[in-house]
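Asks: Here it is, the structure, as structure tokens.
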Amino acid sequence: MRIRILAGATTATVLAGGIIAVVLSSTTPASAATTTFRPAADTYVQQDTPTTNYGTSNQITVDNSPVRRLFLRFSVTGVSGTVSSAKLRLRTISGNDGSNNGGAFRAMSNTTWSETGTTWNNQPSIDGASVGSIGTVTADGWYEVDVTSVVKGNGTFSFGATSSSTDGAYYDSRESGADAPQLVVTTGTSTPPPSGDPVLVGAGDIATSGSGDSATAALVNGISGTVFTTGDNVYTNGTASEFNSYYQPTWGAFKSRTRPAPGNHDYNTSGATGYYNYFGSQAGPSGQGYYSYNLGNWHIVSLNSNISMSATSAQVTWLRNDLAANTRPCTLAYWHHPLFTSGANHAPSTSTRPLYQALYDNNADVVVWGHNHQYERFAPMNPNGALDNARGLRSFVAGMGGADHYGFGTIQANSQARNSDTFGVLKFTLHANSYDWQFVPQSGRTYNDSGTGSCH
């Protein structure tokens with residue numbers, strides 16, 4: 007059995023750091039729940055030091071010169087319902103170049119071995135069914151093995167690993183803290199596709215080596231519909247490696263239903279090639295990055311605030327032509343840099359005003375941004391920031407997708423709701439001539455913002 011990779015990838019990918027939290031909340035009607043367990047015990051043994059115990063080491067390793075074997079034990083409790091998947095996840099240490107062999111993993115019948123007493127001379131037998139193997143690994147990345155065949159519910163589970171390579175693979179142990187191994191158990195299934203009004207859900211400033219992206223991915227996992235992003239999809243430089251290491255194992259699970267927008271960090275790689283190569287045609291024409299699509303009665307426009315946005319630019323010319331040809335009664339647009347924001351880190355991006363002006367001139371309804379790592383909602387405004395309940399666009403800063411939070415500075419006129427300490431996603435339910443919005447917070451947090459608006 008080969009290692010199983012998230013989101014249908016065909017080669018080994020890495021997992022963003024942090025713990026995936028519970029999927030369900032009172033605001034996300036789904037029948038799936040995901041819980042992450044840390045090891046109750048982990049250690050390794052080494053053939054040429056047969057009486058030495060490594061149970062308090064901050065790493066566990068597999069190797070064939072000298073021969074080293076690793077052991078993990080998990081206690082799964084509180085799980086109800088049918089287990090639909092169980093994933094063993096390990097992170098390679100940062101101070102090693104990696105290995106051409108991440109180890110072959112098997113279940114074990116012995117679930118009582120001692121973390122601080124196990125040595126080469128008294129090691130438990132790695133005697134159970136094979137659950138998978140990890141191929142080439144690089145430094146400081148997460149890797150995954152599917153252990154669903156073993157973890158069927160609550161209980162105690164042991165796994166052991168060996169390697170036939172003389173180039174050892176080193177993983178963080180439970181003593182390492184946040185980078186400790188994980189057993190991620192999912193029960194039930196996600197909500198089936200809705201039969202009613204379409205849903206658009208997403209955020210910006212997403213994938214890092216921290217845990218915020220995992221928390222928001224858990225939310226999206228329980229919400230059916232089209233996924234949007236408002237840029238800075240991955241940190242720090244939008245490289246192909248970062249997309250594979252951080253975005254793919256979290257928000258990559260929804261790649262097939264994602265319609266992204268690029269951010270400045272995506273463009274830290276020349277031409278944003280990591281972004282365009284990862285998303286392919288879903289990101290619009292490569293190097294252009296602006297496109298539109300329809301959801302029910304809604305026309306949706308994804309724009310690129312990292313290229314020219316002057317009134318006579320190719321992008322604004324395209325946007326005006328696209329909006330003029332649109333026959334849907336309602337319009338929502340999103341891009342990265344906000345025209346209006348109270349964030350302390352990034353001032354309003356006035357260069358985006360021609361985009362907003364084109365939307366306003368064509369009676370658009372909603373615009374969503376990222377860039378500042380927080381949530382903010384503004385009342386409907388005209389392009390100059392004046393309150394305009396008749397024709398103004400309601401705007402949102404939705405930069406709470408996973409990157410570290412930013413604070414607020416001077417609160418701008420017409421700012422109606424703000425939060426800077428809760429990761430989450432922004433969900434729109436798109437009705438025939440109106441919309442509902444809802445900030446869905448990460449598991450364990452209570453901040454909420456919701457409401458409804460009518461199309462012009």
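Under the numbering used here, the sequence shown is numbered contiguously, ending at residue 462. For glycine and all other residues, C-beta sits at the position ideal for the given N, C-alpha and C.
(1) Runs of 4 residues minimum, wholly inside the region 337-378: which ones carry the alpha helix (DSSP H) assignment?
(2) Does A289 come out as helix, strand or coil in the three-state DSSP assignment?
(3) Within 10 Å of its beta-carbon, does N327 have 16 or more other beta-carbons around it, so buried, or fewer, so exposed?
(4) At the level of alpha carbons, what is the spacing between L189 and D133?
(5) Using DSSP's beta-bridge definition, name the partner residues of P447.
(6) Between the Cα of F285 and the Cα atoms of W304, D371 and K261, which residue gives the shortest distance?
(7) Using the Cβ count rule (16 or more neighbours within 10 Å means buried), how would you classify I466?
(8) Looking only at its chain, what residues have a beta carbon closer than 6 Å to the beta carbon of G398, apart from the 5 residues adjacent to it on each side?
(9) Give a yes or no on whether the C-beta atoms belonging to R334 and H305 are separated by under 7 Å.
(10) I need the straight-line Cα distance from F234 to Y296, nearest angstrom please.
(11) Can you list, in chain order, the residues of its chain whose CB lies under 6 Å from that of L96, leaving out five sequence neighbours each side?
(12) Should A364 be labelled buried (16 or more other beta-carbon atoms within 10 Å of its own) or exposed?
(13) Among F163, V205 and Y273, which has the Cα closest to the Cα of D300?
(14) Which whole-angstrom value is the C-beta distance of T144 and T214, which I expect to be below 8 Å?
(15) Whole angstroms are fine: how far does the CA of N303 sit from the CA of H437?
(16) Can you tell me where the beta strand (DSSP E) holding G202 begins and where it ends?
(17) So the candidates are G244, Y252, S308 and Y412; which of them puts its Cα closest to the Cα of Y282?
(18) What are the boundary residues of the beta strand (DSSP E) that includes W148?
(19) Quick one: complete beta strand (DSSP E) runs, 3+ long, within the region 259-329?
(20) If T358 sits next to H343, beta carbons under 8 Å apart, how far is it from one beta carbon to the other, in whole angstroms?
(21) Here's the rule I'm using: 16 or more other beta-carbon atoms within 10 Å means buried, otherwise exposed. How should Q254 be labelled?
(22) Rounded to a whole number of angstroms, what is the C-alpha to C-alpha distance between N70 and N107?
(23) What's the gap between the Cα of S155 and the Cα of V137?
(24) What residues in its chain sit with their C-beta under 6 Å from that of G237, if we drop five residues either side in the sequence?
(25) Use the C-beta contact count for G84: other C-beta atoms within 10 angstroms, 16 or more gives buried, fewer gives exposed.
(26) Applying the 10 Å Cβ sphere with the 16-neighbour rule, what's the burial state of S100?
(27) On the CB-based measure, 16 or more other CB atoms within 10 Å of its CB, does S314 come out buried or exposed?
(28) Among S105, S426, V226 and A135, which one has its Cα closest to the Cα of S170?
(29) Look at the Cβ atom of T256, then the Cβ atom of S217, and state whether they are nearer than 7 Å.
(30) Apply the 10 Å Cβ neighbour rule to Q422 and answer buried if 16 or more other Cβ atoms are within range, or exposed otherwise.
(31) I need the DSSP call for R168, collapsed to helix, strand or coil.
(32) D410: buried (16+ other C-beta within 10 angstroms of its C-beta) or exposed?
(33) Which class does Y252 belong to by DSSP, given the choice of helix, strand or coil?
(34) What does the alpha-carbon distance come out to for the pair T117 and G208?
(35) What residues are listed by DSSP as bridge partners for G95?
Replies: On the basis of the data shown:
(1) 359-367
(2) What you label residue 289 is simply residue 283 of the sequence shown in a count that begins at 1. In this structure, A289 counts as helix in the three-state DSSP scheme.
(3) On the sequence shown, position 321 is the one that residue 327 refers to. The residue in question, N327, is exposed, as its Cβ has fewer than 16 Cβ neighbours within 10 Å.
(4) For the purposes of this step, residue 189 is identified with residue 183 of the sequence shown, where counting begins at 1. For the purposes of this step, residue 133 is identified with residue 127 of the sequence shown, where counting begins at 1. Going from the Cα of L189 to the Cα of D133 covers about 20 Å.
(5) As a first step, residue 447 is located in the sequence shown; it is residue number 441 there, counting from the start. DSSP, once it has assigned bridges, lists G430 as partnering P447.
(6) The count along the sequence shown starts at 1 and reaches residue 285 at position 279. When each option's Cα is compared against that of F285, the closest is K261.
(7) Because residue 466 is not part of the residues shown, which for the chain are 7 to 462, the question remains open.
(8) By 1-based counting over the sequence shown, the position of residue 398 is 392. Around G398: P386, M387 and N388.
(9) Residue 334 sits at position 328 when you count from the first residue of the sequence shown. Residue 305 sits at position 299 when you count from the first residue of the sequence shown. Cβ atoms of R334 and H305: closer than 7 Å.
(10) Locating residue 234 in the sequence shown gives position 228, where the first residue counts as 1. Locating residue 296 in the sequence shown gives position 290, where the first residue counts as 1. Rounded to the nearest angstrom, the two C-alpha atoms are 13 Å apart.
(11) Translated into the one-based positions of the sequence shown, residue 96 becomes position 90. Correct list, in chain order: Y149, Y177 and P187.
(12) Within the sequence shown, residue 364 is the residue found at index 358, counting from 1. Under this definition A364 is a buried residue.
(13) The residue you call residue 300 lines up with position 294 of the sequence shown. Inspection of the sequence shows that residue 300 is occupied by Asn rather than by Asp. Looking at the Cα atoms, V205 is the closest of the given residues.
(14) On the sequence shown, position 138 is the one that residue 144 refers to. On the sequence shown, position 208 is the one that residue 214 refers to. About 17 Å separates the two Cβ atoms, so there is no contact after all.
(15) The residue labelled residue 437 in the question sits at position 431 within the sequence shown. The residue labelled residue 303 in the question sits at position 297 within the sequence shown. If you take the alpha carbons of H437 and N303, they lie about 7 Å apart.
(16) Start at 1 with the first residue of the sequence shown, and residue 202 comes out as number 196. That residue, G202, is in no beta strand (DSSP E); it is neither H nor E in DSSP.
(17) By one-based count along the sequence shown, residue 282 stands at place 276. Cα-wise, what sits closest to Y282 is G244.
(18) As a position in the sequence shown, residue 148 is number 142, starting the count at 1. Counting along the chain, the beta strand (DSSP E) containing W148 begins and ends at W148 to D152.
(19) 297-301 and 304-308
(20) As a first step, residue 358 must be located in the sequence shown, where it is residue number 352. As a first step, residue 343 must be located in the sequence shown, where it is residue number 337. Confirmed, Cβ separation roughly 5 Å.
(21) By one-based count along the sequence shown, residue 254 stands at place 248. By the neighbour-count rule (16 or more Cβ atoms within 10 Å), Q254 is buried.
(22) Taking the sequence shown and counting its residues from 1, one reaches residue 70 at position 64. Taking the sequence shown and counting its residues from 1, one reaches residue 107 at position 101. Rounded to the nearest angstrom, the two C-alpha atoms are 10 Å apart.
(23) By 1-based counting over the sequence shown, the position of residue 155 is 149. By 1-based counting over the sequence shown, the position of residue 137 is 131. If I take the Cα positions, the gap works out to 7 Å.
(24) Residue mapping note: residue 237 aligns to position 231 of the sequence shown, counting from 1. Same-chain partners within the cutoff: G210, A267, P268, G269, H342 and G376.
(25) Counting from one through the sequence shown, the residue named residue 84 turns up at place 78. Exposed, by the Cβ-count rule.
(26) Here residue 100 refers to the residue found at position 94 of the sequence shown. Exposed is the call here.
(27) By one-based count along the sequence shown, residue 314 stands at place 308. With fewer than 16 other Cβ atoms within 10 Å, it is exposed.
(28) Translated into positions along the sequence shown, residue 170 becomes position 164. Out of S105, S426, V226 and A135, S105 has the C-alpha closest to the C-alpha of S170.
(29) If you number the sequence shown from 1, residue 256 lands on position 250. If you number the sequence shown from 1, residue 217 lands on position 211. No, they are not a contact pair.
(30) Indexing the sequence shown from 1 puts residue 422 at position 416. So Q422 counts as exposed.
(31) Within the sequence shown, numbered from 1, the residue matching residue 168 stands at position 162. The sequence shown places Thr at residue 168, not Arg. T168 falls in the strand class under three-state DSSP.
(32) Walking along the sequence shown from the start, residue 410 turns up at place 404. Per the 10 Å Cβ criterion, exposed.
(33) Locating residue 252 in the sequence shown gives position 246, where the first residue counts as 1. It is helical.
(34) Working through the sequence shown from its first residue, we reach residue 117 at position 111. Working through the sequence shown from its first residue, we reach residue 208 at position 202. Cα to Cα, T117 sits roughly 42 Å from G208.
(35) Stepping through the sequence shown from its first residue, residue 95 is reached at position 89. It should be pointed out that residue 95 corresponds to Arg in this sequence rather than to Gly. E150 and Q188, per the DSSP bridge assignment.
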